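Numbering (UniProt numbering) for the sequence shown: 1 to 143. Think of the CB as a built atom: it goes at the ideal place given N, C-alpha and C, for glycine as much as any other residue. These numbers were taken from a predicted model, which means no experiment stands behind them.
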Amino acid sequence: MHRDIKLENVVVSAIGGSVLTVKLANFASAPTLLRTKGYMAPEIRPKKLYDHSIDIWSLGITKHTVLIGKVPSNGKLTIYRLSPVGKDFLMQMLQKDPQTAKQLLGHFWFMDHSTLTQFVKLLLSICQEKALIRKSLMSCHLT
1 MHRDIKLENV
11 VVSAIGGSVL
21 TVKLANFASA
31 PTLLRTKGYM
41 APEIRPKKLY
51 DHSIDIWSLG
61 ITKHTVLIGK
71 VPSNGKLTIY
81 RLSPVGKDFL
91 MQMLQKDPQT
101 AKQLLGHFWF
111 MDHSTLTQFV
121 KLLLSICQEK
131 ALIRKSLMSC
141 HLT
């Protein structure tokens with residue numbers, strides 16, 4: 001379990017200019033109680049026992065953030081802008097008892113190569129934009 005999946009902990013890299021790789025970073029917080037509120041699965045809040053499905057919830061929130069441009073506020077999703085297949089996939093991820101990762105891997109949204117490629121490219125552009133912002137902020141602090 002990662003326990004803190006969010007856009008800031010996603011690393012996207014281009015290998016050889018054509019193959020994109022998506023990785024999770026910051027596993028240091030995994031065994032601790034540090035969580036990012038907007039990304040936490042409902043099972044965590046009441047301090048109940050939970051399993052790896054909390055990461056599926058966080059991935060769903062991350063997907064919403066990438067596609068819509070913001071974390072859902074007060075648990076309200078902005079899904080009207082998504083395709084029916086995208087809505088279905090997201091809603092399956094954001095259930096208190098979400099589909100298993102194995103079931104989600106078989107979902108049409110995940111299986112459609114062009115849709116998945118577009119999503120990863122969007123994710124890459126967001127990560128690059130955030131890196132440029134961080135770089136410019138660091139240079140402001142250094143000068």
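Reference Met40, options Leu49, Lys6, Val22 and Ala25, closest by Cα: Lys6
Buried versus exposed call for residue 157 [16 or more other C-beta atoms within 10 Å across all chains shown]: Here the chain comprises residues numbered 1 to 143, so residue 157 is not present and cannot be evaluated.
Considering only residues of the same chain and omitting the five flanking positions on each side of Ser13, which have a CB-CB separation below 6 Å? Thr21
Local Cβ density within 10 Å of Gly69, reported as buried at 16 or more and exposed below that: exposed
Put Leu82 into one of helix, strand or coil per three-state DSSP. coil
Taking Gln103 as the reference, which of Phe89, Arg81, Asn74 and Ser58 has the closest Cα? Phe89
How close, in whole Å, do the beta carbons of Asp51 and His2 come, if the pair is a contact with beta carbons under 8 Å? 12 Å between Cβ atoms; not a contact.
Pick helix, strand or coil for Thr36, following the three-state DSSP scheme. coil
Collapsed DSSP secondary structure at Val71 in the structure displayed: coil
Residues of its chain near Leu123, where Cβ-Cβ distance is below 6 Å and the 5 sequence neighbours each way are ignored: Val12 and Val66
In the structure shown, what three-state DSSP assignment does Ser13 receive? strand
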